[in-house]
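Numbering-wise (this note's numbering), the sequence shown opens with residue 5 and increments by one.
The beta-carbon is built from N, C-alpha and C at its ideal position, and this holds for glycine as well.
As C-alpha cells, the structure follows; a few thoughts come after it.
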Amino acid sequence: MTTLHRLVATQLAKATRPSGEVDQALLCELMSTCYEEMERDRKRVDRANKLMMEELAELTAEMERLIEALRVQNLHFQAALDNMSQGLCLLDGEGRLTVANQRFLQIYALGPNDATPGRPMVEILGNSAILKSSQPYVTLTSTRRSGTLVQELSDGRFIRIVHEPLARGGSVDTFEDITERKRAEAELVAAHKQLLDISRQAGMAEVATAVLHNVGNVLNSVNVSANLLLEYVGKSRGSDLARVTALLREHERDLGDFVTIHPQGKHLAAFLESLNQHLEGERQASAKEIDLLLERVGHINEIVMMQQSYAVVSGVQEQLEAADLVEESLRLSVAAFTRHGIEIVRAYDDTPLINVDKHKALQILVNLATNAKHACVESGRVDRRITIRVVNAGKCVRISVTDNGVGVPKENLARIFNHGFTTRKTGHGFGLHSGALAARELGGSLTVHSQGPGQGATFTLELPLQASQPMDEQEMVCAVRALS
Numbered sequence: 005m006t007t008l009h010r011l012v013a014t015q016l017a018k019a020t021r022p023s024g025e026v027d028q029a030l031l032c033e034l035m036s037t038c039y040e041e042m043e044r045d046r047k048r049v050d051r052a053n054k055l056m057m058e059e060l061a062e063l064t065a066e067m068e069r070l071i072e073a074l075r076v077q078n079l080h081f082q083a084a085l086d087n088m089s090q091g092l093c094l095l096d097g098e099g100r101l102t103v104a105n106q107r108f109l110q111i112y113a114l115g116p117n118d119a120t121p122g123r124p125m126v127e128i129l130g131n132s133a134i135l136k137s138s139q140p141y142v143t144l145t146s147t148r149r150s151g152t153l154v155q156e157l158s159d160g161r162f163i164r165i166v167h168e169p170l171a172r173g174g175s176v177d178t179f180e181d182i183t184e185r186k187r188a189e190a191e192l193v194a195a196h197k198q199l200l201d202i203s204r205q206a207g208m209a210e211v212a213t214a215v216l217h218n219v220g221n222v223l224n225s226v227n228v229s230a231n232l233l234l235e236y237v238g239k240s241r242g243s244d245l246a247r248v249t250a251l252l253r254e255h256e257r258d259l260g261d262f263v264t265i266h267p268q269g270k271h272l273a274a275f276l277e278s279l280n281q282h283l284e285g286e287r288q289a290s291a292k293e294i295d296l297l298l299e300r301v302g303h304i305n306e307i308v309m310m311q312q313s314y315a316v317v318s319g320v321q322e323q324l325e326a327a328d329l330v331e332e333s334l335r336l337s338v339a340a341f342t343r344h345g346i347e348i349v350r351a352y353d354d355t356p357l358i359n360v361d362k363h364k365a366l367q368i369l370v371n372l373a374t375n376a377k378h379a380c381v382e383s384g385r386v387d388r389r390i391t392i393r394v395v396n397a398g399k400c401v402r403i404s405v406t407d408n409g410v411g412v413p414k415e416n417l418a419r420i421f422n423h424g425f426t427t428r429k430t431g432h433g434f435g436l437h438s439g440a441l442a443a444r445e446l447g448g449s450l451t452v453h454s455q456g457p458g459q460g461a462t463f464t465l466e467l468p469l470q471a472s473q474p475m476d477e478q479e480m481v482c483a484v485r486a487l488s
C-alpha cells in the first residue's frame, strides 16, 4: 500500500496545475499508463519466475543425477579398494587415517573398529597383534619423502610398504604381502648358488680333463725316457768289465807276462779303452735321458700345482697382470690345442694391474677357451685359429677370445647366455650362463659378437681395474633374472 500510495501521489503531483487544481483527465491517463506498465512488469516477473522454476527443477534433477552417480562411483571405488591385492590407506597431513581398504585390515589382522577414519596410523597399527613394531613405519612416514619398507610380521609373513606423500599434504600408503616373492627369491638365490657350484664342478672337470691331457702327454715322454734307459741297461757292456776282472784275477800271479805275452792279454789295454769309450757314451746318454726325465717330472709337478692354484676357494682378490691370467688359462688347455692343431695368436697391449678374484676370472677364461676350441674343431677347417687380445679400455681391461669356427646364428646371440641353452649335443648349457654371472660378480661383463654361421665368434670379457663389491641377495636375483 505504501508503494501504491507513493505511485498515486507521484501521478497526482504530475496532474496538479500551478493553480492547485487537479486535471482529472490527465490524472486518469497517467494512472492508466502506470497500471499498464505495472501489468507488463508483472507478466515479465511471472515469466522470469516460471523460467527460474524450470531451471531450478532441471538443476535439482541434475544434482540428483550427480549425487546418484557419485554414490555409484563411491560404491565402485570402495569395491575396487576392497578387491585390491594390496592394502591401501589414505592419510591426512597429520598422519590420521582417511580411507582404508579391506585388504589392509586382513594383512594386519585388524577389525573394522580398529581402523576408523580420523585415528592416527600409529595407534591403528598398535592394535595389530602380529606387528612386532610400528617404529620403522613411523620413521618412514615422518620423512615426507617417498620410500619403501619391508616389515616381517610375527607369523612369518613379509609386508612391503610403499609411502608416497601427496602434494597438498597427507600420503598414500600401500601394503603388499611379498612372502611368496621372498620365498621365490630365496629359492632363486639358492638355485643360483647351486648353479654356480655345479658350474664350478663342471669347470673343474674341464680343467681336470685338460690337466690329465697335459699330464698324459708328459707321461708319454717319461715313458719313452724310461724305456730308453731300460734299453741302455739291457744293451750295456758293463758285463764285459766283469769278464775282464775275472780274467785278471785268473792271471794275477803272472799279470806282467799275461799282459805282454799272452794272446788275450796283449789286446787287454785296447779292449779296456774301447769299453771305456762305450760305457762313457752310455753314461752320457743315460744322464741326458735322466735330465729329460727329471724335467718332465718337474713339468708334471708344475701342471699339478697350477691346477691346485686354480682349485683354491674363490673370493680372494689379487693384483695381477691380465696377460698372465690369460696365459695361465691357456696353459690349462695347451694339450687340447696341440692335439687338434689349433694355432694360438696373442695380441697383448700394456695394461695396468687388475684387482680381481683369480678363481672366477680363470673359470670364465678357461670356459671361453674350451668353447673356442670346440667351435674350431666342429667347423672342420684346416686352419684352426684362436686369437686372444688384451686391451686397455680405460677403467677396465678388455680380454677377447676370437675363433674362426662355426660362428653363432643371429637368433642365438640374444639367448646364448641363458641358463640351459647350448648348441652342442654334449653341452650342459650353463657354462656361458655361469660365466656371465661370474663376470657381473666381478663388476665386469661378458658379451658375444658373431657375423653368423661359419664366420667365427668373439667373446669379450671386461674386468674393472678395481675390485668389485660382492653382489647382495637382491642384486644376485636381478642378475639371474636378466640372464634367464
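Going by other Cβ atoms of all chains shown within 10 Å of its Cβ, with 16 needed for buried, is residue i buried or exposed?
i: V394; result: buried
i: V76; result: exposed
i: D361; result: buried
i: V317; result: Caution is warranted here: a pLDDT of 46 is assigned to V317, below 50, making its placement in the model unreliable, and the coordinate value is therefore given only provisionally. By the 10 Å Cβ count, V317 comes out exposed.
i: G448; result: buried
i: Q110; result: exposed
i: C93; result: buried
i: R51; result: exposed
i: Q323; result: exposed
i: Q455; result: exposed
i: D387; result: exposed
i: M125; result: buried
i: I71; result: exposed
i: L467; result: buried
i: T37; result: exposed
i: E445; result: buried
i: S146; result: exposed
i: Y112; result: buried
i: N231; result: exposed
i: L336; result: buried
i: N371; result: buried
i: G435; result: buried
i: R350; result: exposed
i: K364; result: buried
i: I294; result: exposed
i: S158; result: exposed
i: V49; result: exposed
i: T105; result: A small fix is needed here, since residue 105 is Asn in this sequence, not Thr. Answer is buried; the Cβ neighbour count reaches 16.
i: V330; result: buried
i: S175; result: buried
i: L129; result: buried
How long is the line joining the alpha carbons of residue i and residue j, rounded to whole angstroms?
i: E41; j: P22; result: 27 Å
i: D354; j: P413; result: 34 Å
i: G398; j: L366; result: 22 Å
i: D45; j: M35; result: 15 Å
i: G458; j: E189; result: 40 Å
i: T342; j: K197; result: 35 Å
i: Q28; j: K47; result: 28 Å
i: H282; j: A289; result: 11 Å
i: N131; j: A65; result: 45 Å
i: L95; j: L135; result: 20 Å
i: I392; j: A373; result: 9 Å
i: E59; j: L74; result: 22 Å
i: V193; j: D407; result: 34 Å
i: D328; j: G160; result: 50 Å
i: L16; j: L63; result: 46 Å
i: L417; j: N375; result: 15 Å
i: R172; j: S150; result: 14 Å
i: S137; j: S89; result: 23 Å
i: A13; j: N53; result: 30 Å
Please report whether the beta-carbon of residue i lies at a distance below 8 Å from any beta-carbon of chain C.
i: L34; result: The structure shown contains no chain C; it holds only a single protein chain.
If contacts are defined as beta-carbon pairs under 8 Å, then residue i and residue j qualify, I think. What distance do you get, rounded to the angstrom?
i: L384; j: A461; result: A small fix is needed here, since residue 384 is Gly in this sequence, not Leu. Between A461 and G384 the Cβ distance is about 16 Å, and since that is not below 8 Å, they are no contact.
i: F179; j: G91; result: 3 Å
i: V401; j: A326; result: 5 Å
i: V226; j: L297; result: 6 Å
i: L469; j: P356; result: 6 Å
i: P121; j: T102; result: 6 Å
Flag residue i as yes when its Cβ comes closer than 7 Å to any non-hydrogen atom of the ligand ADP, and as no otherwise.
i: I163; result: Only the bare structure without any ligand can be found here, which leaves the ligand ADP out of the picture.
Complete beta strand (DSSP E) runs within the stretch 324-355 (minimum length 3 residues, chain order): 347-352
Contact between the stretch 434-442 and the stretch 378-386 (3+ Cβ pairs under 8 Å): no
Sufficient close CB pairs (3 or more, under 8 Å) joining the stretch 140-156 to the stretch 109-122: no
Whole runs of the beta strand (DSSP E) within the stretch 378-404, excluding any shorter than 3 residues: 389-396
Uninterrupted alpha helix (DSSP H) stretches inside the stretch 127-191 (no shorter than 4 residues): 139-145
Ordered list of alpha helix (DSSP H) runs contained in the stretch 432-456, each at least 4 residues: 435-445
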